[in-house]
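Colleague: In the working numbering, the protein residues as written are 3 to 929.
Built from N, CA and C at the ideal position, the CB exists for glycine as well.
The structure that follows is given in the form of structure tokens.
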């Protein structure tokens, strides 16, 4: 980690290595002892570096526009603030808590005793001149992409875009009422110094999350936002339909019982399914241990990990629903479930439980990485679990280990855990997490009080304002301006621009338009259908015996196929193919149109011909030029890891080693008996695991053969007797060689089966892709589709971000091969935060029929909506242009708490023309 000291001199520490994903972290602290009470309220966000600002300099700041950066700082070469985060972090949705972290740090910064947000970095925060939040009420992520071409300002002026998880409460109230700790301007540095232990523990990921004090178990429960973010099943969230909820109290206490849970899964036709569950109580006693029969056909038992075999499940009749019922009966209403990566277990159980502790998130690491349970058990508990001698994992043992790790963490406290195991687990001393800070000795009051954000802004001399429709929020009425139209809101904002450093502006015209619609659901269904149509292609004619599976296999080289529908109503067989991503549909038209099938059919691939698709080419071109897709390529048709194929080839080569032994019949007995052990020994490593008895038998035969050979060649034997012994010896050795050859062939066959199964389930990993695509240039980031337990079992596409457009051109102009397979590539169209174009909103089959029946009415409504969108975008553009330079601007499409889809969050720090030219590279999101 690196930071700037109070005199703006860079200081390098060992923590620079720790923060290698970010070029710079948070800005410096103000020099202790600098006066504060004479600062003007308008410039509290822009703190001067001079230890004692003169009245003249303060006057200059006020005359330049309140919150604007003083000219003296421009002359001194101060750098403009900017946002950054890793490329692969863009795929994770942002929550209201995440936004609040950023808003608090941008407004109050280090002098408020605040830390950098956990999900991004705001560089040079001390140069932030103001914060502006714009709420576009009623809009969701689907609205933006359905009317993408109408949002010219939003998609070009804001270079950072994230999916947003809708908040159930009043968003404005939650922002202003959020808690801020150690924010008193008078005592901030004193509080910060007293709260920071020597050694820099405050920057350790565990301490940053849980603090220094020991808490009860409720202090380590995952919040609902965290559960959603970590893909836990949550009631009402997409993906949790049909899940069973436990009978739990709304709240638990520090005395509530802990229960350790672990599950084992196997691979079936529908993905990973439950085969065993173990539950232990707070004393570590097993209260439930059941084998479960999956309802679908099992493809692989994953015995190496699960310990489950065919013989174990053969007599089992217990179903998932029966296990769910038993689990609900065993768990008390205030039970807290503990596990390691517990979301996977709950998904396998199809179970929703609101009170959980995840040990992989207790002993947390930087950037979302997690420790393995085996490592934590060995280091913290001094226990050996998941040993190689045992065939597979023992879920009871794993559940006990997770329970004990949680109990130890709660009892010991985060500070002592980090101090004891920082070297063993996190690989360094605590100082690597501490930026250099000026530790000038001064006396401060130790006041660790907490305030609400609105109070913190006021106490630091800043002015906050809400401009929008009348609403019930926690901000003082004196700081609220109510208006009935977006035009009045915009005018009011411009008039008071220089008098407020923190503003929340609400534009409600689209929300009002939605209320005037006859059917809001019809509007969302129409939008969903239009988004789906862009990812659909039609293919045909196909052979009469062609199946959906054959169509899926043909088109999977272009991307993930979401659905296939054979159209038998036509004279010839055609198919409707729906992709998850736009790139898949585009590649299908570019690559597969005109394909000659083995049956002699030439397949024509085309897009649907509809009114809504007329501007598709313009839409695709704009997406390709989107700032989020700069230097990003899409790669499809990716298969399993090459190491699998190498392993299979290596095992198959074992048979060749055995075949070489057959030379004993051709080149003479004496010469080959000596060479034979070396040849078969080359196969020993392959055969040792499963056929150690074979090796003993072969080696025994060699020893016996050598003894008989010496006897046959000994003196005193008649030539006829000697010949008979040699013939007998030859028969014996040849018989052994045939056995060796047969058994080694069995080994190769078994290895091939295992390799094929492994290849089917292993999928892709980031390291393989970096190695394969790195030959063209530096790969700055890789995004792989998330793994799910549903239909998508293998990941066959990826997004790769390069460092320059020239590198992208080189990749696209070259025939790319990965593990001896041709890979389909093109420029990315899907922004990194989107996982699927089709699932932004939900539409059923009956909805599609309704849409077709009312196409004229929906067409008229879409025109009206498009007009509202254009007006909204123009107003957002005017608001952005009116902001002072170095203002953090956030535009929020809040989305809805239903199946209508997630929201969308835009982030940008407005830069002046000079900053744009001097710091152009800093404006991009680094990988």
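Pull up the CB-CB distance for residue 631 and residue 625, whole angstroms please, since I reckon it's below 8 Å.
Modeller: Correct: roughly 7 Å between the Cβ atoms.
Colleague: What's the C-alpha gap between residue 416 and residue 257?
Modeller: Answer to the nearest angstrom: the Cα atoms are 19 Å apart.
Colleague: Between which two residues does the beta strand (DSSP E) carrying residue 86 extend?
Modeller: Its beta strand (DSSP E) spans residues 84 to 86.
Colleague: If we call anything under 9 Å between Cβ atoms a contact, is residue 355 one with residue 375?
Modeller: No, the Cβ-Cβ distance between residue 355 and residue 375 is not below 9 Å.
Colleague: In angstroms, rounded to a whole number, what distance separates the CA positions of residue 246 and residue 352?
Modeller: Answer to the nearest angstrom: the Cα atoms are 6 Å apart.
Colleague: For residue 243, count neighbouring Cβ atoms within 10 angstroms of its own Cβ and tell me buried if that reaches 16, exposed if not.
Modeller: Per the 10 Å Cβ criterion, exposed.
Colleague: Going by DSSP in three states, residue 498 sits in which element: helix, strand or coil?
Modeller: Coil, per DSSP.
Colleague: Smallest Cα separation from residue 102: which of 506, 255 and 343?
Modeller: If we check each option's Cα against that of residue 102, 506 comes out closest.
Colleague: Which residue wins for smallest C-alpha separation from residue 274, given the options 266, 281 and 138?
Modeller: Of 266, 281 and 138, the residue nearest in Cα terms is 266.
Colleague: For the candidate residues 230, 213, 771 and 603, whose alpha-carbon lies nearest to that of residue 636?
Modeller: For the residues 230, 213, 771 and 603, the minimum Cα distance to residue 636 belongs to 771.
Colleague: Is there a C-beta anywhere in chain E that falls below 9 Å from the one on residue 122?
Modeller: Judged by its chain identifiers, the structure shown contains no chain E, having just a single protein chain.
Colleague: Measure the C-alpha to C-alpha separation of residue 782 and residue 805 and round it to an integer number of angstroms.
Modeller: So the two alpha carbons sit approximately 6 Å from each other.
Colleague: Spell out the partners DSSP gives residue 567 in its beta bridges.
Modeller: According to DSSP, residue 567 bridges with 578.
Colleague: The beta strand (DSSP E) that contains residue 889, what's its start and end?
Modeller: 889 to 895 is the span of the beta strand (DSSP E), which, as asked, contains residue 889.
Colleague: Tell me whether residue 328 sits in a helix, a strand or coil according to DSSP, three-state version.
Modeller: Three-state DSSP puts residue 328 in a helix.
Colleague: For residue 455, which of helix, strand or coil comes out of DSSP?
Modeller: Three-state DSSP puts residue 455 in a helix.
Colleague: For the beta strand (DSSP E) containing residue 537, name the first residue and the last one.
Modeller: No beta strand (DSSP E) holds residue 537; DSSP gives it neither H nor E.
Colleague: Check for me: the beta strand (DSSP E) holding residue 606 runs from which residue to which?
Modeller: Residues 604 to 608.
Colleague: Report the three-state DSSP secondary structure of residue 123 (helix, strand or coil).
Modeller: Three-state result, residue 123: strand.
Colleague: Can you tell which of 482, 592 and 282 has the C-alpha that lies nearest to the C-alpha of residue 465?
Modeller: Cα-wise, what sits closest to residue 465 is 482.
Colleague: Helix, strand or coil for residue 595, going by three-state DSSP, please let me know.
Modeller: Coil at residue 595, not helix or strand.
Colleague: Quick one: what's residue 484 bridged to in DSSP?
Modeller: Partner(s): 470.
Colleague: Nearest to residue 145 by CA position, among 875, 913 and 500, is which residue?
Modeller: The shortest Cα separation from residue 145 among 875, 913 and 500 belongs to 875.
Colleague: Within its chain, find whatever has a CB closer than 7 Å to the CB of residue 55; leave out the 5 residues flanking it on each side and keep chain order.
Modeller: Because residue 55 carries a pLDDT of 42, less than 50, the predicted location of this residue cannot be relied on, and no value is offered for it.
Colleague: My assumption, with CB atoms under 8 Å, is that residue 296 sits in contact with residue 270. Please give the rounded CB distance.
Modeller: Indeed they touch by this definition, with Cβ atoms about 5 Å apart.
Colleague: Answer yes or no: do residue 930 and residue 301 have a C-beta to C-beta separation smaller than 9 Å?
Modeller: The requested residue 930 is not part of the displayed model; the chain covers only 3 to 929.
Colleague: If you count every other CB in all the chains shown that lies within 10 Å of the CB of residue 675, and 16 or more means buried, which is it?
Modeller: Low per-residue confidence applies at residue 675: pLDDT is 41, beneath 50, and the placement is therefore not dependable, though the value from the model is reported in the following sentence. Residue 675 comes out buried.
Colleague: Would you kindly work out how many angstroms separate the C-alpha atoms of residue 576 and residue 561, rounded to a whole number?
Modeller: One C-alpha to the other measures close to 20 Å.
Colleague: Report the rounded CA-to-CA distance for residue 912 versus residue 868, giving the unit in angstroms.
Modeller: C-alpha separation (whole angstroms): 27 Å.
Colleague: Any idea if residue 888 is buried or exposed, counting beta-carbon neighbours within 10 angstroms, 16 or more meaning buried?
Modeller: It is buried - the Cβ of residue 888 has at least 16 other Cβ atoms within 10 Å.
Colleague: Tell me, please, which residues DSSP counts as bridged to residue 910.
Modeller: In DSSP, residue 910 forms a bridge with 891.
Colleague: Can you tell me whether residue 373 is helix, strand or coil according to DSSP?
Modeller: In the structure shown, residue 373 sits in coil (DSSP, three-state: anything other than H, G, I, E or B).
Colleague: May I ask you to report which of helix, strand or coil DSSP gives residue 774?
Modeller: It is helical.
Colleague: How should residue 496 be labelled, buried or exposed, when 16 other C-beta atoms within 10 angstroms of its C-beta is the threshold for buried?
Modeller: That one is exposed.
Colleague: Would you kindly work out how many angstroms separate the C-alpha atoms of residue 776 and residue 157, rounded to a whole number?
Modeller: C-alpha separation (whole angstroms): 30 Å.
Colleague: Measuring alpha carbon to alpha carbon, tell me which residue in 500, 468 and 361 is nearest residue 491.
Modeller: Checking every option, the nearest Cα to that of residue 491 belongs to 468.
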